[in-house]
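Structure, as structure tokens:
2 protein chains.
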Amino acid sequence: MSDVEPGGADAPAYRAAGVDLETADRFKRDLRSLVSATHGPRVVGQLGGFGGCFSLADLPEADPVLVVSADGVGTKVLVAQRAGRHDTVGEDLVNHCVDDLLAQGARALLFLDYVGTGRLDPHVARDLVTGVARGCRANAVALLGGETAEMPGLYRDGEYDLAGFIAGIAPHARLERWNRAARAGDVVLGLPSSGLHTNGYTLARRIVLDLEGRELDERVPWGGETWGEALLAVHRSYRDAVGPLLDEPALHGAVHVTGGGFAGNVPRALPPGLGARIDRSAWDPPPIFGHLARAGGVGQEEMARVFNLGIGFCLIVEPAAAEDVSARCAVAGTPAVPIGLVIEGSGVTWG
Amino acid sequence: MSDVEPGGADAPAYRAAGVDLETADRFKRDLRSLVSATHGPRVVGQLGGFGGCFSLADLPEADPVLVVSADGVGTKVLVAQRAGRHDTVGEDLVNHCVDDLLAQGARALLFLDYVGTGRLDPHVARDLVTGVARGCRANAVALLGGETAEMPGLYRDGEYDLAGFIAGIAPHARLERWNRAARAGDVVLGLPSSGLHTNGYTLARRIVLDLEGRELDERVPWGGETWGEALLAVHRSYRDAVGPLLDEPALHGAVHVTGGGFAGNVPRALPPGLGARIDRSAWDPPPIFGHLARAGGVGQEEMARVFNLGIGFCLIVEPAAAEDVSARCAVAGTPAVPIGLVIEGSGVTWG
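Written as structure tokens, this is what we have:
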């Protein structure tokens, strides 16, 4: 949102070197209205300074802890580029980051993006930031700036990478509680994903686009959507379902099922000495996962490490409260089903 | 520091698709000691959660405002890659971000990095993060995490992009004061840069490497250093000089001379109705700038828009205090010389 590499309308040598400064300046102006639509009363001052400003005065959280995370959307950007659809990966990125913070027990406050690209196509860039801004607005997160860097020697024409940074807040006591609350017997509730989310795209692209030679506008075998639509389905935000539960004492932790799958992520929410047994028959993975396994000859264990298998987020809940928490998630539009138990041990056991 | 794309030691299909998970896992472990060396008492908990945690309890700043910024180092990464020297661009990035916050009147607290790469060379990756960690330590900034994404379809082998996100803090009253403090007659003090910093590398590379056909291990014509050393000189951090001045009432604003040069950046520190007259004879630009202008046939105006011309940071100071502020900068190891005046009008006038 802020700094497109050096700007100015009269720089012939720089333009010859591959950086169009007029386009960059126009792009900056176009972004302001998109960005300011995400701003609430805590955003201080105007864009154009050297940093975005967010007031921390009188936060409702006691003993507040800032929780931060950086992420990208992996090679999902290459699917977007191949499909010519650039206004959804920004939402993917914001939702992914919001979910990372929820898994830590934090509510998201603000976001910044980084777009690295070869030559700046203003339409593509605007679509990208439109997606980021839409994701921010939907999650009540302030888009506080960002960087769009034209680097023609590094990125090929028409290609870009997209990364994001999120900051949120949690009361210290909640972090402490989540760090040690889980105990053997707790129920693992699984919340459905909307598709691959943002993980496993290098493998999925290889299977679908290279091995099978599918086109993105071709229909998937199991339904009416195209491969482009299936592969670009937006990463789900669990804010509406999980946000209101953060202060629920029966909630002992949360898991964002990202890179590494269940095995890589469930243990991050458990104290030492505890693991989880996940019952693979407790839910039906959407058909895309079975298709990828068959078409790519990918074994069950690797499938579960690379992909989310249809469960994008887990809650660790006291057994007595599992039904109530599940109902509250359902009311918020996200059904949550029991998919396993916390057990003595470590890691994830399938059974 | 945290999430290398999906991990696990037994994922043959994923490895065939170009992502080596074992290397990624080993890389993660190596990073922990580098990262934790940057952590002070406000860093809460361990790495491996879904986000880094930084306590905001009892901040010394009254009515604290979080100031955040995202940035990259532009195609300076391509110079590093060509030189095979990967442990300095991380420092560039941190220092650049710290200086952006100083220009806003904020002190930096925490940093996250994003590395996008083709195939993860663990030595290169460790060098990169070593530079980031060294920069964080030198600026007393906590390295709170980051993302290293292997994206073999997007980045060529051996190439990477590097972006960073910084968060810092400022008292609200200081932001308010800086927003309106500058007045006509204020002195603009210039602080020396260490070289090109992180701007203008697309043009500089084109001139030096393409037009002139220089090798990076060739000596520059004006001295003993090589072109590689000259082009990779680390972006200067102005924290030691400027940090102690932030509460000085005579300091009316600050400027980080980045992309856009004086014309693009000085106005960002001035209220509407004010501009600056900069005296180009007040300092001698280091020889690299004259060389680039001559060898590239770049006009004066474009030089001043693309490059910092030897001044990397400016302070806007009450005339009566200019000498004292200048002396305090010198004592901190960074001489500051008067290079211009704030005047009625707008933009930057040369004279």
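Each protein sequence line maps, in turn, to chains A and B.
Residue numbering for the first sequence is 1 to 351, as defined by my numbering.
Residue numbering for the second sequence is 1001 to 1351, as defined by my numbering.
C-beta: ideal position from N, C-alpha, C; glycine also.
Item checked: A/Pro-338 to A/Val-266 span [Cα, whole Å] -> For the purposes of this step, residue 338 of chain A is taken as the residue at position 338 of the first sequence. For the purposes of this step, residue 266 of chain A is taken as the residue at position 266 of the first sequence. So the alpha carbons of these two residues sit roughly 14 angstroms apart.
Cutting at 6 angstroms between CB atoms, please list the residues of its own chain near B/Thr-1349, excluding the five before and the five after it. Here the question's residue 1349 of chain B lines up with position 349 in the second sequence. The residues are Arg-1277.
Practice task
Report the neighbours of B/Pro-1152 on chain A: residues whose CB is nearer than 9 angstroms to its CB, in chain order.
Solution key: Position 152 of the second sequence, counted from the first residue, corresponds to residue 1152 of chain B. Those are Thr-75 and Thr-202, listed as they occur along chain A.
Original post:
Under a three-way DSSP split, which group does B/Pro-1249 fall into?
Top reply: Taking the first residue of the second sequence as 1, we reach residue 1249 of chain B at position 249. It is coil, neither helix nor strand.
Exercise for the section: Indicate whether B/Pro-1335 and B/Val-1187 have their beta-carbon atoms separated by less than 7 angstroms. Expected result: For this step, residue 1335 of chain B is matched to residue 335 along the second sequence. For this step, residue 1187 of chain B is matched to residue 187 along the second sequence. Their beta carbons are not under 7 angstroms apart, which means B/Pro-1335 does not touch B/Val-1187 by this criterion.
Which residues mark the beginning and the end of the alpha helix (DSSP H) in which A/Pro-287 is found? Your numbering for residue 287 of chain A matches position 287 in the first sequence. From DSSP, the alpha helix (DSSP H) with A/Pro-287 extends over 287-296.
Beta-bridge pairing of B/His-1256 - partner residues as DSSP gives them | One-based indexing of the second sequence puts residue 1256 of chain B at position 256. Note: B/His-1256 sits in a beta bridge opposite B/Phe-1313.
| A/His-172 versus chain B: which residues are under 8 angstroms apart at the beta carbon? | For the purposes of this step, residue 172 of chain A is taken as residue 172 along the first sequence, with counting starting at 1. Those are Val-1044, Ser-1055 and Ala-1057, listed as they occur along chain B.
| query | If you pair each beta-carbon of the region 1228-1241 of chain B with each one of the region 1109-1128 of chain B, do three or more pairs fall below 8 angstroms? | reply | no
Q) A/Pro-271 CB to nearest chain B CB: under 7 angstroms? A) Reading the first sequence from its first residue, position 271 is the one you call residue 271 of chain A. So no, A/Pro-271 is outside the interface.
Checklist line | Endpoints, the beta strand (DSSP E) within which A/Glu-147 is located | finding: Within the first sequence, the letter at position 147 stands for residue 147 of chain A. Run containing A/Glu-147: 142-150, per the beta strand (DSSP E) assignment.
task: Please check the pair A/Gly-51 and B/Val-1068, which I expect to be a contact at CB under 8 angstroms, by giving their CB distance rounded to whole angstroms.
output: Residue numbering aside, residue 51 of chain A sits at position 51 when the first sequence is read from its first letter. Residue numbering aside, residue 1068 of chain B sits at position 68 when the second sequence is read from its first letter. Sure, about 6 angstroms apart at Cβ, within 8 angstroms.
Query - N- and C-terminal bounds of the beta strand (DSSP E) containing A/Val-187 - result: By one-based count along the first sequence, residue 187 of chain A stands at place 187. Run containing A/Val-187: 187-192, per the beta strand (DSSP E) assignment.
Query raised in the report: What separation, rounded to the nearest whole angstrom, lies between the Cα atoms of A/Gly-48 and B/Arg-1268?
Result: Translated into positions along the first sequence, residue 48 of chain A becomes position 48. Translated into positions along the second sequence, residue 1268 of chain B becomes position 268. Because A/Gly-48 carries a pLDDT of 48, less than 50, the predicted location of this residue cannot be relied on, and no value is offered for it.
Open item on the list: Just checking: is the beta-carbon of A/Gly-48 within a distance shorter than 7 angstroms of some beta-carbon in chain B?
Closed with: In the first sequence, counting from the first residue as 1, residue 48 of chain A sits at position 48. With a pLDDT of only 48 at A/Gly-48, under the threshold of 50, the placement of this residue in the model should not be trusted; the figure read from the coordinates follows. It does; some Cβ of chain B falls within 7 angstroms.
Discussion item. Give me the residue from B/Leu-1203, B/Arg-1156, B/Val-1220 and B/Pro-1152 with the minimum Cα distance to B/Pro-1287.
Written reply: Counted from its first residue, the second sequence places residue 1287 of chain B at position 287. Out of B/Leu-1203, B/Arg-1156, B/Val-1220 and B/Pro-1152, B/Val-1220 has the C-alpha closest to the C-alpha of B/Pro-1287.
key: Cβ contact check for the region 93-105 of chain A and the region 125-139 of chain A: 3 or more pairs under 8 angstroms   = yes
Q | Spatial neighbours of B/Gly-1275 in its chain, beta-carbon cut-off 6 angstroms, leaving aside the 5 residues before and after | A | Taking the first residue of the second sequence as 1, we reach residue 1275 of chain B at position 275. Contacts found: Ile-1343, Gly-1345, Ser-1346 and Gly-1347.
At least one CB of chain A closer than 7 angstroms to the CB of B/Phe-1165: is that the case?
Translated into the one-based positions of the second sequence, residue 1165 of chain B becomes position 165. Chain A contact via Cβ: present.
- Item | Partner residues on chain B for A/Ala-149, Cβ-Cβ distance less than 7 angstroms | Reading the first sequence from its first residue, position 149 is the one you call residue 149 of chain A. Correct list: Gly-1072 and Gly-1074.
Beta carbon proximity, B/Tyr-1114 to chain A, threshold 7 angstroms:
Within the second sequence, numbered from 1, the residue matching residue 1114 of chain B stands at position 114. Output row for B/Tyr-1114: interface = yes.
Review point. Excluding five sequence neighbours on each side, which residues of the same chain lie with their C-beta closer than 6 angstroms to the C-beta of A/Leu-245?
Key: Mapped onto the first sequence, residue 245 of chain A falls at position 245. Closer than 6 angstroms at the Cβ level, and outside the excluded window around A/Leu-245, lie Leu-251.
**Message:** In this structure, how does DSSP classify A/Leu-47 when only helix, strand and coil are distinguished?
**Reply:** As a position in the first sequence, residue 47 of chain A is number 47, starting the count at 1. With a pLDDT of 44 at A/Leu-47, under the threshold of 50, the modelled position of this residue cannot be trusted; read the value that follows with caution. If DSSP states are grouped into helix, strand and coil, A/Leu-47 belongs with coil.
Where does A/Glu-22 fall in DSSP's three states? By one-based count along the first sequence, residue 22 of chain A stands at place 22. In this structure, A/Glu-22 counts as helix in the three-state DSSP scheme.
(message) In whole angstroms, give me the CA-to-CA distance for B/Glu-976 and A/Thr-226.
(response) Nothing about residue 976 of chain B can be read from this structure; chain B reaches only from 1001 to 1351.
What's the C-alpha gap between B/Val-1098 and A/Glu-147? As a working note, residue 1098 of chain B is residue 98 in the second sequence. As a working note, residue 147 of chain A is residue 147 in the first sequence. Those two C-alpha atoms are separated by around 15 angstroms.
Give a single yes or no on whether A/Thr-226 has its beta carbon closer than 6 angstroms to a heavy atom of the ligand MG.
The ligand MG is absent from the structure shown, which contains no ligand whatsoever.
Could you check which residue in A/Gly-259, A/Leu-144 and A/Asp-217 has the C-alpha nearest to that of A/Tyr-201? For the purposes of this step, residue 201 of chain A is taken as the residue at position 201 of the first sequence. Measuring from the Cα of A/Tyr-201, the nearest candidate turns out to be A/Gly-259.
Could you tell me if A/Val-127 is buried or exposed, where buried requires 16 or more neighbouring beta carbons within 10 angstroms of its beta carbon? Within the first sequence, residue 127 of chain A is the residue found at index 127, counting from 1. The sequence shown places Asp at residue 127 of chain A, not Val. A/Asp-127 should be labelled buried.
Exercise for review: For B/Pro-1041, decide whether its Cβ has a neighbour in chain A, counting only Cβ atoms nearer than 7 angstroms.
Suggested key: The residue labelled residue 1041 of chain B in the question sits at position 41 within the second sequence. No - not a single Cβ of chain A is within 7 angstroms of the one on B/Pro-1041.
- Message: In this structure, how does DSSP classify A/Pro-335 when only helix, strand and coil are distinguished?
- Response: Taking the first sequence and counting its residues from 1, one reaches residue 335 of chain A at position 335. In this structure, A/Pro-335 counts as coil in the three-state DSSP scheme.
Exercise for review: List the residues of chain B whose Cβ lies closer than 9 angstroms to the Cβ of A/Pro-287, in chain order.
Suggested key: Along the first sequence, one-based indexing puts residue 287 of chain A at 287. Neighbours of A/Pro-287 on chain B: none; closest Cβ ~19 angstroms, over 9 angstroms.
Requested in this report: Report the neighbours of A/Ala-64 on chain B: residues whose CB is nearer than 9 angstroms to its CB, in chain order.
Outcome: Numbered from 1 along the first sequence, position 64 holds the residue referred to as residue 64 of chain A. Checking the sequence, you will find Pro at residue 64 of chain A rather than Ala. Under the 9 angstroms cutoff, chain B gives Ser-1055, Leu-1056 and Ala-1057.
Item to check | Partner residues on chain B for A/Asn-179, Cβ-Cβ distance less than 8 angstroms | outcome: Indexing the first sequence from 1 puts residue 179 of chain A at position 179. Within chain B, the residues near A/Asn-179 are Gly-1045.
Burial state of B/Gly-1296 (16 or more Cβ within 10 Å):
The residue labelled residue 1296 of chain B in the question sits at position 296 within the second sequence. B/Gly-1296 comes out buried.
* **Against chain A: residues of the region 1120-1149 of chain B by CB proximity under 8 angstroms** => Leu-1144, Gly-1145, Gly-1146, Glu-1147 and Ala-1149
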